[in-house]
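Protein sequences appear in the order of chains A, B and C.
Residues 237 to 486, numbered by the working numbering, are exactly what the first sequence covers, in order.
Residues 357 to 612, numbered by the working numbering, are exactly what the second sequence covers, in order.
Residues 2 to 274, numbered by the working numbering, are exactly what the third sequence covers, in order.
Every residue, glycine too, gets a C-beta built ideally from N, C-alpha and C.
A quick write-up on the structure given underneath.
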Amino acid sequence: MKTRAIVSSVSVSVSLLALWALIAQLEWISPIFLPGPSATWQSLSEGLRHGELLHLTFGTVERMAYGWALASLIGIALGALIGISPLLRTWLQPTLELIRPLPASAIVPVAIAFIGLSPAMVLVVIAFGAVWPVLLATTHGFANIEPRLHEVGRVLRLSPLAFIVKVGLPNAMPDALAGMRLSLTVSLILAIVGEMLASQEGLGLAILQAARSFRSADLFAGVVLLGAIGFVSNSLLGMAERRALAWKQI
Amino acid sequence: MRALLDRLGWRGWVLPVTLLALAEAAMRINPVESDALARPTDVLNAMAQAIANGSVLSLSAQTLAAALAGLALGGGLGLAAGIWFGLSRAAADAASLSIELLRPVPSVALIPLSMLVFGFGFRMEIAVIAFTCFWPMLLLSQAAVRNVEPRLLEVARVLGFAWWERVLKLVLPAALPRIFVAFRLCVGIALVVAVTTEIAANPQGLGYALMNAQQSLRPDLMFAMLLWIGLLGWGLGAGLLWLQRTWFRHSLAQQP
Amino acid sequence: MHALPRTQHLQVVTPAQTDAPLIVFDQVALDFGAVRVINRLSFSMRRGEFVCVIGPSGCGKTTLLRLLTGLVKPSAGEVRRHGAPITGPARDVAIVFQDYAKALLPWRSVAGNVSLALEAAHVAKSERADRIRHLLAKVGLAQHADKYPGQLSGGMQQRLQIARCLAQEPALLLMDEPFGALDAMTRQTLQDEMLQLVQESGTTVLFITHDLEEAIYLGDTVLALRAAPGEGSSLAQTFEVTLPRPRDQLSTREEPEFLRLRRAAFDHVKDTH
């Protein structure tokens, strides 16, 4: 990025921060609703060092990661099978299209009904909600393999499994990884919702409790942490994506 | 007859219909008193009743009102900002860090904050939806504006158009197809966030009804609400896609 | 009684086998829906023969190749190899496509692409590296083993495809207008490289092209197909090319026999249009 761009973007962010501090200081918005940056920072650092925040963060991250990993595995495996078989696609596509627009969070009550309020319920909800972006993206990737490559596979007499692994999967990787990035966002959201509804230990529950007790600084601290989780996980996945798709850069 | 069935894609319906029929049969043969399972016919019954007594319609109105208001607010601001940043590289650069820092905040994390400030009701829900819709609208309309043929913008400058004339007469019409695609996406997002907010906190609308049904141990009503939400989402999506295909048939060669 | 020395690979071949054609097209017809694209096509190919096929678009040249891979079955008649009808892809039948970029794996390196054929043939991992190096050297891509197809020029990508096909150690090499998308200079270079490669290995080649001179330059036989054969045969004419080998871009193209064939081919094309 050009130096001028860096300077301008940093100055804008700093100005916004200063504006926030000013509004909080002058109490144009009540501190019950809007803590200042310093109050937020204090709550954040205290909570991380002495308090529960680190533990809670790990709880949420763990939940999100497990659900996402499970969803990715299932999504890619099923996506490969469905994508590569025009027959399966004809029979299954409409069912998939019907489930797609359903908000993943709408599954929560159903999951509660079946599994009850438990960590398992949250995991199931996350996995179920996060599987769709990966599944649909992988199906698309496998369904759109260059027909020439299909021919090459047949002439070389690659077994169906070898074809899926050596040709289909690498070809679908860009799509699958894009789907996995979306899934990660969904996983975080569902982890938070799950915690709120099932009273599971984590940042989601923590900020809900902070809101109920009118502890705005703690609330903001929690939101900042959740934003950080979103930012870091997305960046990590983005880096992995760039490594895996290095051949595309050329 | 065969041709008609083929066009309707009958094969795709075999699986869900068979599963439902099996479930129905299994639950009739072996009646089960469950808080979680419901016979498909009971579910349809519950939905019919909810439609008949008007509850589903008023609930849908609540959810949709919040969704559309949030979309108008957040999407509108996002569109304005997107157009601005699309036209002005300097503005886009200046905003970039702030966008990168604020965007990753998960929308649901704002539910408690919104609850704190607004209590329960429409405003709280609209605020969360607005925040969520702002970002995709911003980024996608920015991309749509960037994508406008630079030659067109040169022509506009040579012809001596004022900046607002340029935007209104050239930029917006040229970017409109892609902006509509972004709009379609945001409608879906708005609906999902509305339902999620109602499930997590706000005691109104379809999401709340869904949770209520589960807590009242009425699985038939619960599944009916779930089905209704799915149909609503699907219907909105299909309707907007149809609009897109009709209005923008020539501008968008193939869009998902 | 002396045992044969182990270095000698003597294949005892009966006279009948040496004369018997490798490939036989016997009254082959092919329909695309209601349209009969190929009709009553009969010809044969000897082992080691280089056969070129020319013809207007729609005459079924490309489908001809697929009949030989066994991926397409004739609607009538038979395609035989070693006397038996072709039922499916054989390990030693390779096909080089015109759209080389689409036939290569963009995520694998040059070496990786060649390796695909070896992996498909279940060649032991320990052997692969040597064979890949050998093949890449043969097509002149030895220094580019770690590059990706996206980094190669058109001619080099086509060479890579050829190397992958050679990895199958094909007895029959099918080529679908392989040099059509390349510039004239690259085309000539690859033509000569091709000839040298198949000369060394004695591979039988079926080569589709729309370039009449290329067909005469490369082939032992040129088959001219016609489109919309109707009731007649798709095979309009056969040219036997008796030019001496090895061929040379300059001198062969100046031979009276070359010019005679060229005139005959052009006249044929003019008449059938």
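Got a sec: which bits of the region 366 to 396 of chain A sit with their beta carbon under 9 Å from any beta carbon on chain C, in order along the chain? Under the 9 Å Cβ criterion, the region 366 to 396 of chain A contributes E382, P383, R384, L385, E387, V388, G389, R390, V391, L392, R393, L394, S395.
Assign W304 of chain A to one of two classes, buried (16 or more other C-beta atoms within 10 Å of its C-beta) or exposed (fewer than that). So W304 of chain A ends up on the buried side.
Could you list which residues in chain C have their beta carbon closer than 8 Å to that of K238 of chain A, in chain order? Within 8 Å Cβ-Cβ: nothing; K238 of chain A doesn't reach chain C, min ~29 Å.
In the DSSP assignment, find the unbroken alpha helix (DSSP H) run with F487 of chain B in it and report its ends. Element bounds for F487 of chain B: 478 to 502.
Please compile the residues from chain C whose C-beta is within a distance smaller than 8 Å of the C-beta of A398 of chain A. Simply E120, A121.
Could you confirm whether any beta carbon from chain A is found closer than 9 Å to the beta carbon of R601 of chain B? R601 of chain B does not count as touching chain A.
Any Cβ of chain B within less than 9 Å of the Cβ of M432 of chain A? Yes, its Cβ sits closer than 9 Å to a Cβ of chain B.
Same chain only: Cβ atoms within 8 Å of F450 of chain A, ignoring 5 sequence neighbours per side: Taking C-beta separations shorter than 8 Å and ignoring five residues to either side along the sequence, the partners of F450 of chain A in its chain run I268, following chain order.
Determine which residues share a DSSP beta bridge with Q238 of chain C and list them. Under DSSP, the beta-bridge partners assigned to Q238 of chain C are C:A225.
Are the C-beta atoms of S454 of chain B and some chain A residue less than 9 Å apart? Under the Cβ criterion of 9 Å, S454 of chain B is counted among the residues facing chain A.
Who pairs with C53 of chain C in a beta bridge, going by DSSP? Residue pairing by DSSP places C53 of chain C opposite C:F208, C:V223 in a beta bridge.
Taking the beta carbon of F294 of chain A as the centre, do at least 16 other beta carbons fall within 10 Å, making it buried, or is it exposed? Under this definition F294 of chain A is an exposed residue.
Rounded to whole angstroms, what's the CA-CA distance from A392 of chain B to D576 of chain B? Just pull it up for me. In this structure, the alpha-carbon of A392 of chain B lies about 9 Å from that of D576 of chain B.
To the nearest angstrom, how far is it from the Cα of L289 of chain A to the Cα of L455 of chain A? Note on geometry: alpha-carbon atoms of L289 of chain A and L455 of chain A lie some 11 Å from one another.
Where do the N-terminal and C-terminal ends of the alpha helix (DSSP H) with Q192 of chain C fall, by residue? For Q192 of chain C, the enclosing alpha helix (DSSP H) covers residues 185 to 202.
For F98 of chain C, does the three-state DSSP call read helix, strand or coil? In the three-state reduction of the DSSP assignment, F98 of chain C falls in the coil class.
Please name the residues in the region 52 to 77 of chain C whose beta-carbon is closer than 7 Å to at least one beta-carbon of chain A, in chain order. Flagged, chain order: T70, L72.
For R81 of chain C, report the span of its beta strand (DSSP E) as first-last. Per DSSP, R81 of chain C is one residue of the beta strand (DSSP E) stretching across 77 to 82.
L596 of chain B CB to nearest chain A CB: under 9 Å? No, L596 of chain B does not count as interfacial toward chain A.
Three or more beta-carbon pairs under 8 Å between the region 439 to 458 of chain B and the region 539 to 547 of chain B, yes or no? Verdict: no, contact absent.
Would DSSP call Q18 of chain C helix, strand or coil? Residue placement at Q18 of chain C is poorly supported in this model, since its pLDDT is 47, which falls under 50; the coordinates still yield a value, given next. Looking at Q18 of chain C - three-state DSSP - the assignment turns out to be helix.
Could you spell out where the alpha helix (DSSP H) holding L119 of chain C opens and where it closes? Taken as a continuous stretch (DSSP letters only), the alpha helix (DSSP H) holding L119 of chain C covers 111 to 121.
Decide if L599 of chain B is buried, meaning its Cβ has at least 16 other Cβ atoms within 10 Å, or exposed. That one is exposed.
D398 of chain B, enclosing alpha helix (DSSP H) - first and last residue: First-last of the alpha helix (DSSP H) with D398 of chain B: 396 to 408.
Check whether the region 156 to 165 of chain C touches the region 75 to 88 of chain C, taking contact to mean three or more Cβ pairs, one atom from each stretch, closer than 8 Å. No, the region 156 to 165 of chain C does not touch the region 75 to 88 of chain C.
D100 of chain C touches chain A at which residues, Cβ-Cβ below 7 Å? Under the 7 Å cutoff, chain A gives R384.
DSSP three-state call for D391 of chain B: helix, strand or coil? Of the three classes helix, strand and coil, the one that applies to D391 of chain B here is coil, per DSSP.
Using alpha carbons as the reference points, say which of B:I535, B:A499, B:A594 lies closest to A448 of chain B. In terms of CA proximity to A448 of chain B, B:A499 leads the group B:I535, B:A499, B:A594.
Collapsed DSSP secondary structure at V29 of chain C in the structure displayed: Strand, per DSSP.
Mind checking the region 468 to 486 of chain B against chain A and listing, in chain order, the residues whose C-beta falls within less than 8 Å of any C-beta there? Residues P468, L469, M471, L472, V473.
Chain B beta carbons: is any one of them nearer than 9 Å to that of S244 of chain A? Judged by the 9 Å Cβ criterion, S244 of chain A is in contact with chain B.
So what does S45 of chain C bridge to, in DSSP terms? S45 of chain C pairs with C:V25.
Which of helix, strand or coil DSSP assigns to N380 of chain A: DSSP places N380 of chain A in the coil class of the three-state scheme, outside both helix and strand.
Helix, strand or coil, according to DSSP, for D131 of chain C in the structure here? In the structure shown, D131 of chain C sits in a helix (DSSP, three-state: H, G or I).
If you measure between the beta carbons of I585 of chain B and L566 of chain B, is that distance less than 9 Å? For I585 of chain B and L566 of chain B, yes; Cβs fall inside 9 Å.
Please classify V461 of chain B: does DSSP put it in a helix, a strand, or coil? Three-state result, V461 of chain B: coil.
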